[in-house]
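Peer 1: In the working numbering, the protein residues as written are 5 to 115.
Just so it is clear, CB atoms sit at the ideal spot from N, CA and C, and this is done for glycine as well.
No experiment lies behind these values; they were computed from the predicted model shown.
Submitted below is the structure of interest, expressed as structure tokens.
See below:
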């Protein structure tokens, strides 16, 4: 079976639906995301087709997206497209971007 981007069009379309619906990314517009997924898919296909004996995966990634092709019992590999999500409110830098408030919120504030 010859592997192409079109072999995995259903997975790409599903990933784009999720991206449009759930992912907020200031680095990639939906068009940029689709272009990146297709570029990474080509790299993952190449990695999958040129993997050494005993290896079951072909993987390609950038900072925001990971594409993984995994050997399966059928002729075509399984395809996973993952969004590498992060938040600007992480504790990566010791929480320096998170500020604590000094007042406690009241359950039933008075008017």
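Compute the distance between the beta-carbons of residue 48 and residue 72, then report whether it is under 8 Å.
Peer 2: Here the question's residue 48 lines up with position 44 in the chain shown. Here the question's residue 72 lines up with position 68 in the chain shown. It is a contact, given that the beta carbons lie within the stated cut-off.
Peer 1: Going by C-alpha to C-alpha distance, which of 83, 62 and 90 sits closest to residue 13?
Peer 2: As a position in the chain shown, residue 13 is number 9, starting the count at 1. Checking every option, the nearest Cα to that of residue 13 belongs to 83.
Peer 1: Report the partner residues of residue 84 according to the DSSP bridge assignment.
Peer 2: Along the chain shown, one-based indexing puts residue 84 at 80. Answer by DSSP bridge pairing, in chain order: 72.
Peer 1: How many angstroms separate the CA atom of residue 31 from the CA atom of residue 75?
Peer 2: Here residue 31 is taken as the residue at index 27 of the chain shown, counted from 1. Here residue 75 is taken as the residue at index 71 of the chain shown, counted from 1. Each residue's Cα considered, the two are about 31 Å apart.
Peer 1: With DSSP as the reference, label residue 26 as helix, strand or coil.
Peer 2: The count along the chain shown starts at 1 and reaches residue 26 at position 22. Residue 26 falls in the helix class under three-state DSSP.
Peer 1: So what's residue 65 in DSSP terms, helix, strand or just coil?
Peer 2: The sequence position of residue 65 within the chain shown is 61, counting from 1. Here residue 65 sits in strand by DSSP.
Peer 1: Would you report the Cα separation of residue 51 and residue 16, rounded to the nearest angstrom?
Peer 2: As a first step, residue 51 must be located in the chain shown, where it is residue number 47. As a first step, residue 16 must be located in the chain shown, where it is residue number 12. Taking the straight line joining both Cα atoms gives about 18 Å.
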